[in-house]
Amino acid sequence: MVSPSSPDPRFSPSWSPRTSPLPALAVAGVGPVALALARRVLSAEDTELARWSGVAGPGVLVLLGDTESLPWVEGVVYLGRDAAAPALLLPCTLAPDVAPALLERALVARAQTGTPLAVLPRTAHLVPVGAARPVSRDTVRAWLATQEGA
């Protein structure tokens, strides 16, 4: 499991709808949405699980996979890669109000972890996803039990 960074209110660019959505490479949930996403993962067939890798931390779950394989639950954020900021996974339907390359430089410097970084603007989380591992039903079940007991 990988711990996401804490929200940082000092850095909060504005976000607006993208003119053209990015192809989804990941899906993320925070708080109750992360729990719902974990439950959805546990209900998936083994063939689906084999198509995903993921990272999780306190209250955050990020799954990476092919666009067509990524699960859906109410409230998740789909993330994709903007060619101008390849070290970031950004919301597929939102664009920052700053140049993506500048955003990338600032966030990578701030995070001081490996890349890519999943950017979750609504909660201001940065989640390093470079250490993503294949999804294991046992690991997801253990993470979910820990989160529900917290």
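Under the UniProt record's numbering, the letters of the sequence shown match residues 1 to 150, in that order.
Glycine is no exception: its CB is placed at the ideal position from the N, C-alpha and C atoms.
Please read all numbers here as calculations on a predicted model, not as lab measurements.
Alpha-carbon to alpha-carbon, residue j and residue i
i, j, result
"Ala-28", "Asp-138", "19 Å"
"Leu-102", "Pro-86", "12 Å"
"Ala-132", "Ala-56", "9 Å"
"Val-119", "Arg-39", "22 Å"
"Pro-134", "Gln-112", "24 Å"
"Asp-46", "Leu-94", "32 Å"
Exposure of residue i, with buried meaning 16 or more beta-carbon neighbours within 10 Å
i, result
"Ala-145", "exposed"
"Ala-26", "buried"
"Arg-81", "buried"
"Leu-49", "buried"
Residue i, DSSP secondary structure in three states
i, result
"Trp-72", "coil"
"Trp-15", "strand"
"Pro-100", "helix"
"Gly-31", "coil"
Counterpart residues of residue i in DSSP-defined beta bridges
i, result
"Ala-56", "Leu-61"
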